[in-house]
Amino acid sequence: KGDKEIVLEAVRQDGCLLKYASRKLQGDKEVVMESIRQSGFLLEYASEELQADKEVVMEAVRQNGSLLLYASQELKGDKEIVLEAVRKYGFALKFASRELQGDTEVVMQAVCQNGLALQYASRELRALGWRHRRFGWRARLKALIMGAVRQDGFDMNLACNTSQSHKKVVMKAVRQNPSALKYAGDKFRNDKEFVMEAVRRNGFAIKYASKELQSDEEVVMEAVREQDKRSWTNR
48 KGDKEIVLEA VRQDGCLLKY ASRKLQGDKE VVMESIRQSG FLLEYASEEL QADKEVVMEA
108 VRQNGSLLLY ASQELKGDKE IVLEAVRKYG FALKFASREL QGDTEVVMQA VCQNGLALQY
168 ASRELRALGW RHRRFGWRAR LKALIMGAVR QDGFDMNLAC NTSQSHKKVV MKAVRQNPSA
228 LKYAGDKFRN DKEFVMEAVR RNGFAIKYAS KELQSDEEVV MEAVREQDKR SWTNR
């Protein structure tokens, strides 16, 4: 129970024996990691110090996101840890810090995994998503995306693949923020309809188009026309 070599050999055979180890050995990283590699649920029996160890907690949440429950408060506010957890188990958002419950990237990943995870998001993000609750999780996710694209620098690659490839969602994003073309994926950056929509609103968006469309005469002319109009308006 208190002999490290004996306990280490025991947990190699059966990780569950960690719960019978002495408190000292439940705080021994080598012993705990050996156990958690077999079953992440054994994080429950690790010392508070090791529940605050990023490597230990990451090993556990990679197996099962719900184990974020046993992480320290500090790690419940660690974005890398929380993202890993919600990708595996959307409801793990419940255990995340308030700050991360209001983080668009974290919430979208949680909703991708389980649409009902939105209930654990911040009030602001819930308001975006629940307006569309009767249409299911995809509609909620779209609402989150459309709220997010209003912010400069939103990365559409943060969204689920299903949403990124959804033509209507991407088109609306580009209409609201032409710079969103940068994050829309090769498929859309090489789609003339999407590129034309972007450059009609901001000629500089042409730099996010595929090389092929950057050489397309119609696209180039539309971009130049928009920039000329912008320059004239700003005089």
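The opening position of the sequence shown corresponds to residue 48 in our numbering, with each subsequent residue numbered one higher. Virtual Cβ for every residue (Gly too), placed ideally from N, Cα, C.
So, with DSSP's three-state summary, where would you put residue i?
i: S69; result: coil
i: F201; result: Bear in mind that a pLDDT of 47 at F201, under 50, signals an unreliable position, so the number given afterwards is only what the model happens to contain. The answer is coil: DSSP assigns F201 none of H, G, I, E or B.
i: K239; result: helix
i: V54; result: helix
i: Y136; result: coil
i: E171; result: helix
i: E244; result: helix
i: A118; result: coil
i: G232; result: coil
Under 8 Å by Cβ, that's how I've got residue i and residue j pegged, so tell me the actual separation to the nearest angstrom.
i: L172; j: A157; result: Contact flag wrong, Cβ pair sits at about 10 Å.
i: V108; j: I83; result: Not really, about 10 Å apart at Cβ, beyond 8 Å.
i: Y92; j: K66; result: 4 Å
i: L55; j: V79; result: About 10 Å separates the two Cβ atoms, so there is no contact after all.
i: E244; j: M218; result: 7 Å
i: E81; j: G62; result: 7 Å
Would you mind working out which of the options sits nearest residue i, comparing C-alpha positions?
i: D233; options: Y255, A220, E265, V79; result: Y255
i: M105; options: G87, R59, D238, S94; result: G87
i: S169; options: C159, M155, Q160, N237; result: M155
i: L163; options: Y136, A143, G74, V217; result: Y136
i: G124; options: K101, E81, A143; result: A143
i: K239; options: L90, S257, L130, Q85; result: S257
i: L116; options: L165, L90, R145; result: L90
i: R134; options: Q120, Q85, L122, C159; result: C159
i: Q110; options: A118, E131, L165, D263; result: E131
i: S94; options: K76, V221, N224; result: K76
i: R247; options: D50, E265, E259; result: E265
For the alpha helix (DSSP H) that residue i lies in, which residues bound it at each end?
i: S82; result: 76-85
i: R253; result: According to the sequence shown, residue 253 is Ile rather than Arg. From DSSP, I253 is part of no alpha helix (DSSP H); its letter is neither H nor E.
i: E95; result: From DSSP, E95 is part of no alpha helix (DSSP H); its letter is neither H nor E.
i: C159; result: 151-160
i: E146; result: 145-148
Counting only C-beta atoms, is residue i closer than 8 Å to chain D at any point?
i: V104; result: In the structure shown, chain D cannot be found, because there is only a single protein chain.
Is residue i near the ligand GDP - that is, is its Cβ less than 7 Å away from at least one heavy atom of it?
i: L147; result: Ligands in the displayed structure: none, and consequently the ligand GDP is not present.
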